[in-house]
Amino acid sequence: MGFRSGFTLVRFLTAAREMTSEDLVRHHIDAALAYTNSDRSKYQRGRPLVNHIEAASRAAAAMDDNALAERLAGCAEYAAGTIHLTLLETRWDPEARASHEKYMRLNLEVGLVRCAEILDEYLKDQPHASGHEMHQWLVHVTGAMGAWTIGEGRLPRVKLPRYSAEHLAWFRDIRLVLNEQPDSSDLTPEIAEQLANVPGAELVARAVQWHKRKGALDRLRAVVEDPASSEKEIHAELKQQAWIFGGRYVDELTRRRLTTFDELDIPLIRGDGSLHVVELKKANQRKLVTSTRSHCAVGSVVHDAVMQAANYLRSLDENRAAILADHGIECRRASATVLIGHPAFVEEAFRANEISAALRTYNTVLNRIEVMTYAELIDAAERSLALNDAEM
Numbered sequence: 001m002g003f004r005s006g007f008t009l010v011r012f013l014t015a016a017r018e019m020t021s022e023d024l025v026r027h028h029i030d031a032a033l034a035y036t037n038s039d040r041s042k043y044q045r046g047r048p049l050v051n052h053i054e055a056a057s058r059a060a061a062a063m064d065d066n067a068l069a070e071r072l073a074g075c076a077e078y079a080a081g082t083i084h085l086t087l088l089e090t091r092w093d094p095e096a097r098a099s100h101e102k103y104m105r106l107n108l109e110v111g112l113v114r115c116a117e118i119l120d121e122y123l124k125d126q127p128h129a130s131g132h133e134m135h136q137w138l139v140h141v142t143g144a145m146g147a148w149t150i151g152e153g154r155l156p157r158v159k160l161p162r163y164s165a166e167h168l169a170w171f172r173d174i175r176l177v178l179n180e181q182p183d184s185s186d187l188t189p190e191i192a193e194q195l196a197n198v199p200g201a202e203l204v205a206r207a208v209q210w211h212k213r214k215g216a217l218d219r220l221r222a223v224v225e226d227p228a229s230s231e232k233e234i235h236a237e238l239k240q241q242a243w244i245f246g247g248r249y250v251d252e253l254t255r256r257r258l259t260t261f262d263e264l265d266i267p268l269i270r271g272d273g274s275l276h277v278v279e280l281k282k283a284n285q286r287k288l289v290t291s292t293r294s295h296c297a298v299g300s301v302v303h304d305a306v307m308q309a310a311n312y313l314r315s316l317d318e319n320r321a322a323i324l325a326d327h328g329i330e331c332r333r334a335s336a337t338v339l340i341g342h343p344a345f346v347e348e349a350f351r352a353n354e355i356s357a358a359l360r361t362y363n364t365v366l367n368r369i370e371v372m373t374y375a376e377l378i379d380a381a382e383r384s385l386a387l388n389d390a391e392m
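Here is the structure:
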């Protein structure tokens, strides 16, 4: 996989440093942190980083701190490219571990429930079947999974063809469509009704949606926490993910140019049909906030981004009639969100809560525009995902 580094590794090393008071262990951890943070544009990676972490692990083992030694060894394996980030998080991040365990339990539960249900269907037709016959039928069904195909349509799906073989007779017309595009012409009312009647379909649908959203949020976090990420790369992870911005928004427009001169980053539609504009800026903003007379205040990059959003809103107001006639979109008094910056990249030593307080103060004097960091957006989306997780 090649050498690795990143925000998560720095977080793990910083936490490991707080777990020990041994000078030698801390010395090697400090050397690792200094190396990976030596390039401001990106996290430095390479063999020296691995060597520093391995030295810290050996020093911890020599002090009989086996738990810390094992944790640092895992960090070294990740830095060397031996293991994936997911495995590192699963080992040492309780929240990530709980999330993965939850998903595996859901998969197992769905499989066992479905197994019991198809056995019930089999017994309706073969009420006197023996345990051996039921086992043989399940073996045949399991073998038939190799015949599942993805299908030829635009949407991803898993489709089980109809066969005349007796061991597939009870599957009838089962077809699982695993895409949640609401405007799909392939997902007909008839198919939706069939899916709704499949036992356990609601649990499957919620699990699939939760897994897709969790994956989208993880990818967004990885891009945002990479100091070299561009606005284009962030936009690629946010597009068609209206749920991340909250329940007020029901869809994202595919058309980004509504006026002659302006191209909107992410145009969202509210529940009442009105327009909301999301303007994206880089997450790596060193001057996001500054010190002003002992207070934390937003920097000039925030003012510039807000003025850009304000000009978009003015242009939409001026062209409201034409946009409504040509595209059927209500943009009178449209609103906007400016996404900019992340506390991890701020140059001065401001805490995350100080940055949030400065933005809240700034937002109170704005009209129709709200400024928030990517960290705040991701935190809100995680809380929404955790709520859905608890309800499953």
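In the UniProt record's numbering, the protein residues as written are 1 to 392. Backbone N, C-alpha and C define an ideal beta-carbon position, used for all residues, glycine too. Nothing here was measured: the structure is a model prediction, and the numbers come from that model.
Asked, Found
"Looking only at its own chain, which residues have a Cβ that is under 6 Å from the Cβ of T36, when we skip the five neighbours before and after it?", "S5, Y43, Q44 and L49"
"Contact between the stretch 103-118 and the stretch 207-219 is defined here as three or more beta-carbon pairs at a separation below 8 Å; is this criterion met?", "yes"
"Tell me which residue opens and which closes the beta strand (DSSP E) that P267 is part of.", "I266 to R270"
"Does DSSP put A96 in a helix, a strand or coil?", "helix"
"Quick one: give me the first and last residue of the alpha helix (DSSP H) that D304 is part of.", "S300 to E318"
"Cβ of V25 within 9 Å of Cβ of A56?", "yes"
"Using alpha carbons as the reference points, say which of S335, G273 and T142 lies closest to A310.", "S335"
"Measure the C-alpha to C-alpha separation of K287 and Y249 and round it to an integer number of angstroms.", "31 Å"
"Of the choices E233, H235, L324 and A67, whose alpha-carbon is the least far from that of S274?", "L324"
"From A321 to A242, what distance separates their C-alpha atoms?", "26 Å"
"I'd like to check one pair, E348 with S300: are the Cβ atoms closer than 9 Å?", "no"
"Identify the continuous alpha helix (DSSP H) that holds E237 and give its terminal residues.", "E231 to L238"
"So what's S57 in DSSP terms, helix, strand or just coil?", "helix"
"What does the alpha-carbon distance come out to for the pair E263 and T14?", "41 Å"
"Which residues share a DSSP beta bridge with S291?", "C296"
"Applying the 10 Å Cβ sphere with the 16-neighbour rule, what's the burial state of R383?", "exposed"
"Using the three-state DSSP reduction, which class does A349 fall into: helix, strand or coil?", "coil"
"Is the stretch 252-260 touching the stretch 327-334 in the sense that three or more CB pairs, one from each, lie closer than 8 Å?", "yes"
"Quick one: what does DSSP say H276 is sitting in, helix, strand or coil?", "strand"
"Give me the DSSP bridge partner(s) of D251.", "I269"
"Who pairs with D202 in a beta bridge, going by DSSP?", "First, the residue type needs correcting, since residue 202 is Glu and not Asp in the sequence shown. In DSSP, E202 forms no bridge with anything."
"How about A381 and I266: do their beta carbons lie closer than 9 Å?", "no"
"Exposed or buried, which one is Q240 when buried takes at least 16 other CB atoms within 10 Å?", "exposed"
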